[in-house]
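One structure below.
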Amino acid sequence: MNSIVIVRSGGEIGIKSRPVRREYEILLLKLIRGALRDEEIPFSRIWRDAGRVFILTPDAQRAARLASRIFGVASTSPGAVTDASMGAIIDAGKRLAAGMVQGTFAVRCRRTGNHPYSSQDVAARLGEAILGLGAPLKVDLTDPDQEVSVEIRSDLAMVYSEVYAGPDGYPIGTQDSALGVVDETADSLIASWCIMKRGSPVTALSVEQEGRDMGPVVDNLVTLSKWLPSRGLNCLQATAPAGLREDEFRTFSLKVADAAAATLGLGMTVSGMVPADLDALGSMSRDAETSLLFPLIAMDSACMRKWASLIGLDLNRSARYGSRLNDGSIAASAVSASLKGIRRFTVSRGRISPKT
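The numbers in our numbering rise by one with no breaks, and the one at position 172 of the sequence shown is 325.
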């Protein structure tokens, strides 16, 4: 039996106008195809159809997990593909259900095209066949322990039981580029990830200082790069003067990032910190050369934990900012000196490569 991956494009793509939606879906398909090739996951065909991308591949599990880490993807499902005859669908569903554990189950069916049966017919017939396998299973359509899903499109039927959540949002490259401050904290990583989720390519800037452990910073850069399987993460590393207090170091990092973004022609600088108050926000924004973005400024703890879990962070074990951001006084000469010594490198597939 052949295997397939169903990739569902993000809901935010779906509400765009038809021309924009088509543009975004084409780009999403290209990003998925590139990621599959980069990871050497074989596939015989990839195509898009009405808010979906379909991948015929012998390694559906790996392909589904990879595609679920691409911005613009709402979710993915690895499954079996067969023709759209009732008999073939039931056979595929029974093979899938053979691995189900004791408990309750439901069969869900979605269908487009003309067929000699309804979606309800498929769900009822397949549910009956699964019960006939003799496993200790019961039907529960309200809150089942397990689900077998069937998606039928014209002459193809896909049967699956797993759904991998994706980040949703827009494909990378659909919005303007930004520069994000990435340090040892989960906050900085999530902030840049949120802007990437909006479709903006992000260059990450980290700041080293004598006595600071850069290991957790590198870990965050590697984690962020895994969400760019075909592109890799472009990075900058600056150096802060010795002797800065913690609050001064954070302010310095943002000012260097803003100056670096302006030098690179980027219009946005991203920070995971939260300004202390509106006066601090206004002062920093007036002095900045780019637009300062603070994605976490209104994010509640539930959303923070949701995104952290999807990214692969454990907030209980991750470094966090201990204070809010104030607009401190940093000498322009210190920022200028740091810019001159910036080092460029890329992080791709867990490897760091210096740029020449």
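Quick reminder that beta carbons are idealized off the backbone N, C-alpha and C, glycines included.
CA-to-CA distance, Leu417 to Thr509, given in whole angstroms: Below a pLDDT of 50, predicted positions are generally treated as unreliable, and Thr509, at 49, falls in that range; no measurement from the model is reported.
Could you check the C-alpha separation between Arg439 and Ile199 for me, to the nearest Å? Each residue's alpha carbon lies about 48 Å from the other.
Pull the bridge partners of Arg497 from the DSSP assignment, please. Leu389, per the DSSP bridge assignment.
In chain order, which continuous runs of the alpha helix (DSSP H) of length 4 or greater are located wholly inside the stretch 271-298? Counting only unbroken stretches of 4 or more residues, the alpha helix (DSSP H) elements lying wholly within the stretch 271-298 are 272-284, in sequence order.
Run through DSSP, which three-state label would Glu361 get? In this structure, Glu361 counts as strand in the three-state DSSP scheme.
For Tyr177, report the span of its alpha helix (DSSP H) as first-last. Element bounds for Tyr177: 171-191.
Strand pairing of Thr356, partner residues [DSSP]: Paired residue(s): Leu332.
Count the other CB atoms, across all protein chains shown, that sit within 10 Å of the CB of Ser197; report buried if there are 16 or more and exposed otherwise. By the neighbour-count rule (16 or more Cβ atoms within 10 Å), Ser197 is not buried but exposed.
Which value, in whole angstroms, describes the spacing of the CA atoms of Asp236 and Arg174? The alpha-carbon atoms of Asp236 and Arg174 are separated by roughly 29 Å.
Report the residue from Val375, Asn479, Ile185, Gln390 whose alpha carbon sits nearest the alpha carbon of Asp432. Of the listed residues, the one whose Cα sits closest to Asp432 is Asn479.
Using a Cβ-Cβ cut-off of 7 Å (strictly less than) and excluding sequence neighbours within five positions of Ala259, which residues of its own chain qualify? If we look at Ala259 and ignore the five residues flanking it on each side, its Cβ neighbours are Val292, Asp293, Leu294, Pro297, Glu300.
Would you mind working out which of Glu315, Arg205, Gly364 sits nearest Gln214, comparing C-alpha positions? The residue from Glu315, Arg205, Gly364 with its alpha-carbon nearest to that of Gln214 is Glu315.
Determine, using beta carbons only, whether Leu463 and Ala318 come nearer to each other than 8 Å. Taking 8 Å as the cut-off, the beta carbon of Leu463 is found closer than this to the beta carbon of Ala318.
Note down the Cα distance separating Ser359 from Phe405, rounded to an integer number of angstroms. Going from the Cα of Ser359 to the Cα of Phe405 covers about 11 Å.
What three-state label does DSSP hand Gly167 in the structure shown? If DSSP states are grouped into helix, strand and coil, Gly167 belongs with the helices.
Which same chain residues end up closer than 6 Å to Lys169 when comparing Cβ atoms and leaving out the 5 residues on each side of it in sequence? There are no such residues.
Would you say Pro382 touches the ligand ZN, meaning its beta carbon is less than 7 Å from a heavy atom? Among the components modelled here there is no ligand, and therefore nothing to report on the ligand ZN.
Measure the alpha-carbon distance for Ser424 versus Ser272 and round it to whole angstroms. If I take the Cα positions, the gap works out to 48 Å.
Range of the contiguous beta strand (DSSP E) that encloses Ile194: DSSP places Ile194 in no beta strand (DSSP E); its state is neither H nor E.
Whole angstroms is fine: what's the gap from Asp191's alpha carbon to Gly385's? If you take the alpha carbons of Asp191 and Gly385, they lie about 11 Å apart.
Could you give the DSSP three-state label for Val427: helix, strand or coil? Three-state DSSP puts Val427 in coil, outside helix and strand.
Once the 5 residues before and after Lys247 are set aside, which same chain residues still bring their CB inside 7 Å of it? Contacts found: Ala282, Ile283, Leu286.
Specify the secondary structure class of Asn155 as computed by DSSP and reduced to three states. In the structure shown, the three-state DSSP call for Asn155 is strand.
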